[in-house]
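Under the working numbering, the letters of the sequence shown match residues 95 to 418, in that order.
Ideal placement from N, C-alpha and C gives every residue a C-beta, glycine not left out.
Note that the structure is a prediction, hence the values are computed from the model and not measured.
A short write-up of the structure that comes next.
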Amino acid sequence: MKQLIQFIKDWTLPVAIAIGSTCYLLFYWVPGLDAAGDALGPVFDLIFPLFVFLTLLVTFCKVDYHQMRPHRWHVGILAAQLLMVAVNIGIIFWVESLPDHSSPITSKLLWEAVLTCIIGPSASAAPVVAGKLGGNISTMTTYTLLSSMVSAVLIPLVFPILEQVIHVDFLSAFLVILQKVSIVLLLPLVLGWFIQHYLYGLHRRIVSMPNLSFYFWAISLSITTGITVKNIVHSEATILLLLLIAIATFLLCFVQFAIGRGIGRWLGEEINAGQALFQKNTALSIWVAYMYLNPVASVGAGCYVLWQNIINSLEIYEQRKAQS
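Structure below.
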């Protein structure tokens, strides 16, 4: 039993992914569980944002708010993201201009799926993983806020152009995205500051449990994985296209991770910069894909969340091994 508990502690994120995938497939393949699945669906819809909120609240209780200011590496990572978005848009327009679209490689959906994993903001939980790896939670939190603002401007500008959705109002789209970001990011940030300064007993209890935010995030990851598997199972895309999307997002994970680490090494924040560019808010990316693009494009962000958390697990494992 002790070995099992230790295994779960060592590989929390892969275990969370496995649980989320298995649970959804179990409910999908066993007809007798249909009624239970219908009843539990709204429950998971309710507790998912709750656990994301709790993850960030616990993390922000440990933030040094005096360090929350812009840094050089923030500019470097944002510039890299904008360049990658521009390159991806160029590829989409080039693919659109081709006379033959029979090959999945030249499918617009493939490259739109990749774009959702580039243009999205840094994950709300990125400070959690950065903290586990020895990064600076405060400067990472600042970047997450900046990244969310940039994506809130980029997404309403870029996606309607790609799909020629001329009825989309930029201001309305911007405010909707900003509202979603504010609820899951700004509110726990403000409450974290309040707890630090006024609720000393609660703050001490939270700080005394260093892995609490990480386990909250693991629960959120299980739910996200179940949603991802659901999107893949019910997708109308061909198996070949889905496979290419999975491969493309897998490679993109390493590309963004390597670029982020390279910029961070140059500017003195290797851990934070690597997490900032590569770890994405896939829940928001899935939502905007449904909002502006073809639902198939959301599969890209769904696959990306699996790849990025496998990489996160390997990073945490290497960090723990180095410390032992």
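Are residue i and residue j close, meaning C-beta to C-beta below 8 angstroms?
i: T153; j: S314; result: no
i: L127; j: L120; result: yes
i: S456; j: P215; result: Outside the displayed span of the chain (95 to 418) sits residue 456, for which this structure offers no information.
i: T235; j: M303; result: no
i: G331; j: L227; result: Residue identity check: residue 331 is Ala in the sequence provided, not Gly. Cβ atoms of A331 and L227: not closer than 8 angstroms.
i: A395; j: S407; result: no
i: T319; j: S115; result: yes
i: W205; j: I231; result: no
i: V390; j: Y122; result: no
i: W188; j: L361; result: no
i: I249; j: L338; result: no
i: C74; j: V301; result: Residue 74 lies beyond the range of the chain shown here (95 to 418); nothing can be said about it.
Measuring CA to CA, which of the options is closest to residue i?
i: Y411; options: G320, V399 and T106; result: T106
i: N305; options: G396, L148, T319 and K96; result: L148
i: S201; options: L335, Y294 and P389; result: L335
i: L251; options: V382, K415 and R355; result: V382
i: L150; options: A224, C397 and G295; result: A224
i: F145; options: Q273, F310, I333 and L283; result: F310
i: V179; options: P282, D104, K415 and V247; result: V247
i: E409; options: D104, Q100 and Q97; result: D104
i: Y159; options: G131, L177, R359 and L283; result: L283
Quick one: measure Cβ to Cβ for residue i and residue j, integer angstroms, because I've assumed they're closer than 8 angstroms.
i: L346; j: V244; result: Actually they do not touch by this definition, with Cβ atoms about 18 angstroms apart.
i: V393; j: S329; result: 6 angstroms
i: L296; j: I289; result: 6 angstroms
i: T233; j: H291; result: That pair is no contact at about 20 angstroms.
Using a Cβ distance threshold of 8 angstroms, determine whether the region 138 to 157 contacts the region 341 to 359, with at least three qualifying pairs required. no
Decide yes or no for the touch test of the region 219 to 238 against the region 362 to 380: beta carbon pairs closer than 8 angstroms, at least 3 of them. yes
Would you check if there are 3 or more beta carbon pairs closer than 8 angstroms linking the region 100 to 114 to the region 400 to 410? yes
Would you call the region 353 to 372 and the region 169 to 178 touching, i.e. three or more CB-CB distances under 8 angstroms? yes
Which parts of the region 123 to 203 are runs of the alpha helix (DSSP H), unbroken and 4 residues or longer, counting only runs that do not cross its ends? 128 to 154 and 166 to 191
Give, in chain order, every unbroken run of the beta strand (DSSP E) that is at least 3 residues long and sits entirely within the region 203 to 232. none
Segments assigned beta strand (DSSP E), at least 3 residues, entirely inside the region 347 to 416: none
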